[in-house]
């Protein structure tokens, strides 16, 4: 039962969490496809005894805070008895719960909200660990990224002031694939990153595999939409913004100081079609098919094929269509697979590479769950 | 300076580690190519302040125990002032050092010794974490594997009795590639492993890429030897034993109960040449070139190519030459790359895969170092 409005705030944490329960607690913001799947995966954990219990959850509109932390299966995503979401109030509750030191507290941000992303630093500073598949917090201005790192004790080897809160965002690049964790292990052991290359958008991998097979560009785009691979407005995928943000996160995680505007990003949305309606965009897109067919043919003459590739090297990030050898992993990418390649001082010949589906609720939620378990372990 | 013979054992830990030094301590068994590289990588760690210090080291013949733990750079691999290696005595020293609770103690086994592998359980039981790239301990009888898991608190979710010692063997499959860590994250989050496939031997990947290009089998073997890819007796690679052990470790890590004899393993060493000298083996090998050429040609007729593949599914492991599609990742493997593919309940379409060099002192030592840092973090 939600007590968010019934109970004096000052008493909330002490009453809502019995002192003798030291199981980790979780607050879930966002119960859409990833958040909802996470609840089901949490419930099905092999070691259910030590699994985190849910202290509250919310959507953009409604919130619930539980008197006693609940097993994930008992979270009703419709929030009967819930109240309208009131972030200042939720944050106060969370800060007080974080001060209850017996059990670790993990805040999962499975929303697509910049507002919620802006609360991450405050939560970390209060001693609440944060796990998120959202790229918003990490792609705000560099100063906010630095504040997150400092609050999580990841910066310059300094300890966090609270000592326990950690920040986990492994799923922001490649979803459940071991991309950021691999980068982190390379850095931690003193390897030097020479280059990271990535086909980091399943939608664009699919698109270019269709172009390779001779489909017109507009037909490939329509097909991606029909199969449910694309964002509601497919221009979000085509703009390259999603790939750019993934590389911005990789770069900042490597310690680079970078703003979004420092990246070179090639948008696949023709200049003339950026501000029109989605319907107009789709109607007009076939006008550009010849251009793409020509570009594809030119690549083929070089035994190459087109791929949308992010590339981080020498402190700079470029996200653009590249001609890649037709028989190399980037040229052979099929389905909606992602591919990330790390070339380093130690992996100086053949790169270390990771490939597989880099999106979808099941694999994303599983990656978030791995992060939740890591946050609990680190606490 | 070694004090292994000069100092009464009972006082050793208290005197050798000043009480006010809580930096992690490391004992290194084996200072060959991996162990020696590890010392240099430890010394070059970005965060040298918190890096482990060396409490002792040994080879098969000589050992040194340091009065005061040393920076890795000050370990002289020739052990001037060292003493003959005496394991019962070293183990007593290590057990006493582990009881000194201020600073975590990590034992790194970079030897190729079954004897040393047999000490891992005792060390873990004494509260000393163990890190190893050696497959010996994990491929002894199942009961020894179970004892290691229990001692490290990994078994059935039970806590370790000592509470701190952990066991890390990420580099036993794929060296520095994120193979076992990926498997572990899949299991930990409740995914169900349907199938693991792997080209787990760089030497055999190289061999089959040469066969694909038309080289005779014997010439490909000679070339692998000339390039330094092969074990001193190349039959160690060709027998499939190394790949079999990697899959035995993957299977046991998944919770399967398996003895080595439960695996189906195809050896590439002709029956008649198993017990002859290495020279005779190499002289006689060309007799089998036609057979391999024929097998390669037959595969090509199916648009396939040959690859040596480990396959774990339905609780069973098979390690053998397979016909794989010529345009699939296993068919296109080049150089000495390894490739591991995980097909799971969540990765049920395209698999999650990891590829790259799976051997070599630099990448193996880096993987061992990542394990050392994880052991320190978990302590």
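Protein chains in written order, with this note's numbering: chain V, 1411 to 1789; chain Z, 1411 to 1789.
Cβ atoms here follow ideal geometry from the backbone N, Cα and C, with glycine treated the same way.
None of the values given here were measured: they were computed from a predicted structure.
Item	Value
Please determine whether the Cβ atom of residue 1731 (chain Z) lies at a distance below 7 Å from any heavy atom of the ligand GDP.	The ligand GDP is not part of this structure, which contains no ligands at all.
Which residues in the same chain as residue 1743 (chain Z) place their Cβ atom closer than 6 Å to its Cβ, once the five residues preceding and following it in sequence are excluded?	1609, 1615, 1749
With three or more beta-carbon pairs closer than 8 Å as the criterion, would you say the stretch 1586 to 1605 of chain V touches the stretch 1554 to 1562 of chain V?	no
Once you ignore the five residues that flank residue 1495 (chain V) on each side, which residues in its own chain have a CB closer than 8 Å to its CB?	1468, 1469, 1470, 1471, 1472, 1473
At 9 Å on the CB atoms, spell out the chain Z contacts of residue 1518 (chain V), in chain order.	The premise fails here: residue 1518 (chain V) is roughly 14 Å from chain Z at the closest Cβ pair, so nothing lies under 9 Å.
Between the alpha carbons of residue 1777 (chain Z) and residue 1698 (chain V), how many angstroms are there, rounded?	48 Å
For residue 1706 (chain Z) and residue 1716 (chain Z), what's the separation of their Cα atoms in angstroms?	6 Å
Between the Cα of residue 1801 (chain V) and those of V:1703, V:1490, V:1631, V:1664, spot the shortest distance and give me the residue it belongs to.	What the structure shows of chain V is the stretch from 1411 to 1789, and residue 1801 (chain V) is not part of that stretch, so it cannot be assessed.
Have a look at V:1641, V:1789, V:1675 and flag the residue whose alpha-carbon is nearest the alpha-carbon of residue 1731 (chain V).	V:1675
Closer than 9 Å by beta-carbon distance: list the chain Z residues that pair up with residue 1556 (chain V), in chain order.	Here the premise fails: no neighbours, minimum Cβ distance about 18 Å.
Using the three-state DSSP reduction, which class does residue 1770 (chain V) fall into: helix, strand or coil?	coil
Hey, which unbroken runs of the alpha helix (DSSP H) at 4 residues or more fall wholly within the stretch 1431 to 1512 of chain Z?	1443 to 1453, 1497 to 1509
Name the chain Z residues that come within less than 8 Å of residue 1725 (chain V), Cβ to Cβ?	Correct list: empty, because the minimum Cβ distance to chain Z is about 17 Å.
Closer than 6 Å by C-beta to residue 1696 (chain V): which residues in its own chain qualify, once you throw out the five before and the five after it? Chain order, please.	1628
Going by DSSP, name the residue or residues bridged to residue 1753 (chain Z).	Z:1605
Going by C-alpha to C-alpha distance, which of Z:1535, Z:1533, Z:1548, Z:1503 sits closest to residue 1524 (chain Z)?	Z:1548
Can you pull the chain Z neighbours of residue 1588 (chain V), defined as C-beta to C-beta under 9 Å?	1588, 1591, 1592, 1595, 1762, 1764
Please list, in chain order, all residues of the same chain as residue 1565 (chain Z) whose beta carbon is under 6 Å from its beta carbon, the five residues on each side excluded.	With a pLDDT of 37 at residue 1565 (chain Z), under the threshold of 50, the modelled position of that residue is not reliable, and no figure is offered here.
Threshold first: 4 residues or longer. Then list the alpha helix (DSSP H) segments lying entirely within the stretch 1691 to 1765 of chain V, N to C.	1699 to 1711
Tell me which residue opens and which closes the beta strand (DSSP E) that residue 1515 (chain V) is part of.	1515 to 1519
For residue 1577 (chain V), would you say it is in contact with chain Z, using Cβ-to-Cβ distances shorter than 8 Å as the test?	no
For the 8 Å Cβ check, are there 3 or more pairs between the stretch 1754 to 1762 of chain Z and the stretch 1750 to 1763 of chain V?	no
Can you name the residues that DSSP bridges to residue 1836 (chain Z)?	With chain Z covering 1411 to 1789 only, the question about residue 1836 (chain Z) has no answer from this structure.
Taking the alpha-carbon positions, what's the residue 1711 (chain Z) to residue 1763 (chain Z) distance?	27 Å
Within a Cβ cutoff of 8 Å, which residues of the same chain sit near residue 1626 (chain V), ignoring the five residues on either side of it in sequence?	1696, 1699, 1702, 1703
Tell me whether residue 1653 (chain V) sits in a helix, a strand or coil according to DSSP, three-state version.	helix
Closer than 9 Å, Cβ to any Cβ of chain V: which residues of the stretch 1593 to 1623 of chain Z, in chain order?	1595, 1596, 1597, 1598, 1599, 1600, 1601
Skipping 5 residues on each side, what residues in its chain have a beta carbon closer than 7 Å to that of residue 1601 (chain V)?	1754, 1755, 1756
Among V:1786, V:1453, V:1774, which residue has its Cα nearest to the Cα of residue 1542 (chain V)?	V:1774
Smallest Cα separation from residue 1713 (chain V): which of V:1449, V:1719, V:1728, V:1733?	V:1733
Bridge partners of residue 1675 (chain V), per DSSP?	V:1729
Evaluate contact between the stretch 1514 to 1522 of chain V and the stretch 1532 to 1542 of chain V, counting only Cβ atoms and requiring at least three cross-stretch pairs below 8 Å.	yes
Buried or exposed: where does residue 1581 (chain V) fall if 16 or more other Cβ atoms within 10 Å of its Cβ makes it buried?	buried
Measure the alpha-carbon distance for residue 1506 (chain V) versus residue 1575 (chain V) and round it to whole angstroms.	14 Å
Residues in the same chain with beta-carbon distance under 6 Å from residue 1641 (chain Z), minus the five sequence neighbours each way, listed in chain order, please.	1647
Give me the chain Z residues within the contact set of residue 1747 (chain V), using Cβ-Cβ distance strictly less than 8 Å, ordered along the chain.	1760
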